[in-house]
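Q: My questions all concern the structure below.
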Amino acid sequence: MDRIIEENLKRMCLEIDEESFRKKNILVTGGAGFIGSWLCDVLFQLGANISCVDDLTTGKQRNIEDLLGKKGFKFIQEDVRNFKSKEKYHFILHSASRETPEEYQKYPIEILLVNSLGTHRILEMARKMDSRILYTSTSEVYGDAKVVPTPETYWGNVNTIGVRSCHDEGKRYSEALVMAYNKEYGLDTRINRIFDTYGPRLRVDGRYSRVVSRFILQALSGKDITVYGDGSQTRSFCYISDTVKGILSAIMKEGARGEVINIGDPQERSILELAEKIKGLIRSSSRIVFQDISEDDPRRRCPDITKAKKILEWEPKIEFGEGLKKTIDWLRYNIVIK
Ligand code: UDP
212 MDRIIEENLK
222 RMCLEIDEES
232 FRKKNILVTG
242 GAGFIGSWLC
252 DVLFQLGANI
262 SCVDDLTTGK
272 QRNIEDLLGK
282 KGFKFIQEDV
292 RNFKSKEKYH
302 FILHSASRET
312 PEEYQKYPIE
322 ILLVNSLGTH
332 RILEMARKMD
342 SRILYTSTSE
352 VYGDAKVVPT
362 PETYWGNVNT
372 IGVRSCHDEG
382 KRYSEALVMA
392 YNKEYGLDTR
402 INRIFDTYGP
412 RLRVDGRYSR
422 VVSRFILQAL
432 SGKDITVYGD
442 GSQTRSFCYI
452 SDTVKGILSA
462 IMKEGARGEV
472 INIGDPQERS
482 ILELAEKIKG
492 LIRSSSRIVF
502 QDISEDDPRR
512 RCPDITKAKK
522 ILEWEPKIEF
532 GEGLKKTIDW
542 LRYNIVIK
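Whatever position you read off the sequence shown (first residue = 1), add 211 for this note's numbering.
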């Protein structure tokens, strides 16, 4: 396993109550994806028995290659819409979904079906097995939020027929279904709305990469750093180990039952600021250039994490510069040099 990920995992394991997960059977859907693979890694280190389901449409086998073949880790290459199992899971972490803006335009029907039929199937499984289920939703349910920092009580401002609607509405439907199972069957459900997360394993494949990995690769290779619009739109960036700790806290804490909780970094930054920060850290000679921004690109995005602080006793710990340096080092070694 590579050094940066290993160091992160070691530190995370020291901070998480090991007994909560030891010998627990845990299903992770989307387990070969960015966040899913980190969940698998840390849960494995904590002694859980993991079933990882991923159809590898966007997840990557190399994200879980250190776990493949190990006792306590099972990989099932399957679309969640077809997944069957006789095993009883104590916990289900359901995060299977395509997550990049480019894909929303290319695969809208599939995205809606995975987030409706797929979530229904996983919820039915949870109901029959009486599993505790955590659904990883997204800040996208808020759409182009008019209340920023955005609390969980904000209902959202989503264009139902826009270019991002398959993802936004798919996730909103999933949330509604999760809550319906909680209300009608008393199922133990938890929902996290995950804001932009970055770190090692963030997607880098061309158009499907996210802004942080894209800017880093552009800066490392001396190519133009492509800021869309004037770069005044904002996001908040949470380092992966913090996001994962937030999710694991939400599956464990009794107060999170039946709740929806934002997980993200509360520091709002403009995309231009991000470009300049990355260029400076890398001491890159790249130029920052401005290109057309896509329709419905949210203007501002930043979570209110008061609820997470209170219920989960969680807040991000990794400082932005430190997280970016780790991500740059990881990308330099794994993508640029390899
Ligand atoms: N972005 C950009 N240049 C790029 C890629 C993205 O300026 O090369 C901007 C994009 O317009 C958006 C923000 O960065 O405002 C975050 O984009 P990302 O694709 O990471 O996902 P989003 O947060 O929009 O879901």
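Note that the Cβ used here is the ideal one computed from N, Cα and C, for glycine as well.
Considering only their Cβ atoms, is the gap separating Gln444 from Arg510 smaller than 8 Å?
A: Yes, the pair counts as a contact, with Cβ atoms nearer than the cut-off.
Q: Could you check which residue in Val423, Leu323, Ser385 has the C-alpha nearest to that of Val374?
A: The shortest Cα separation from Val374 among Val423, Leu323, Ser385 belongs to Leu323.
Q: Within this structure, are the beta carbons of Asp252 and Leu278 separated by less than 8 Å?
A: Yes, the pair counts as a contact, with Cβ atoms nearer than the cut-off.
Q: If I follow the unbroken beta strand (DSSP E) through Lys285, where does it start and stop?
A: Segment 284-288, the beta strand (DSSP E) holding Lys285.
Q: Taking the DSSP output, what are the residues bridged to Gln500?
A: In the sequence as displayed, the identity of residue 500 is Val instead of Gln. Thr437, per the DSSP bridge assignment.
Q: State yes or no: is the C-beta of Asp508 nearer than 7 Å to some heavy atom of the ligand UDP?
A: Yes, the ligand UDP has a heavy atom inside 7 Å of this Cβ.
Q: Hey, quick one: how far does the alpha helix (DSSP H) through Phe245 stretch, first residue to last?
A: It spans 245-256 - the alpha helix (DSSP H) in which Phe245 sits, taken as one unbroken run.
Q: With Tyr346 as the anchor, note down where its alpha helix (DSSP H) starts and where it stops.
A: Unbroken run through Tyr346 is the beta strand (DSSP E), 343-349; no alpha helix (DSSP H).
Q: Under 7 Å: does the beta carbon of Thr361 sit that close to some heavy atom of the ligand UDP?
A: No - the ligand UDP has no heavy atom lying nearer than 7 Å to the Cβ of Thr361.
Q: For the pair the region 468-484 and the region 361-377, tell me if three or more CB-CB distances fall below 8 Å.
A: Contact between the region 468-484 and the region 361-377 is present, because at least three Cβ pairs lie under 8 Å.
Q: If you count every other CB in all the chains shown that lies within 10 Å of the CB of Asn274, and 16 or more means buried, which is it?
A: By the 10 Å Cβ count, Asn274 comes out buried.
Q: Name, in chain order, the residues that DSSP records as bridge partners for Tyr365.
A: Answer by DSSP bridge pairing: none, since Tyr365 is not bridged.
Q: Using alpha carbons as the reference points, say which of His301, Leu485, Ile462, Glu229 lies closest to Ile261.
A: Measuring from the Cα of Ile261, the nearest candidate turns out to be His301.
Q: Going straight from the alpha carbon of Tyr544 to that of Val239, what length do you get?
A: About 28 Å.
Q: Would you report the Cα separation of Asp213 and Trp249, rounded to the nearest angstrom?
A: So the alpha carbons of these two residues sit roughly 13 Å apart.
Q: Kindly indicate if chain D contains any beta-carbon less than 8 Å away from that of Ile237.
A: Note that chain D does not occur in the displayed structure, where there is just one protein chain.
Q: Between the Cα of Val422 and those of Arg401, Ile405, Arg446, spot the shortest distance and give me the residue it belongs to.
A: Per the Cα distances, Arg446.
Q: Please identify the residue among Ile436, Lys271, Thr311, Glu229 whose C-alpha is closest to the C-alpha of Gly241.
A: Out of Ile436, Lys271, Thr311, Glu229, Lys271 has the C-alpha closest to the C-alpha of Gly241.
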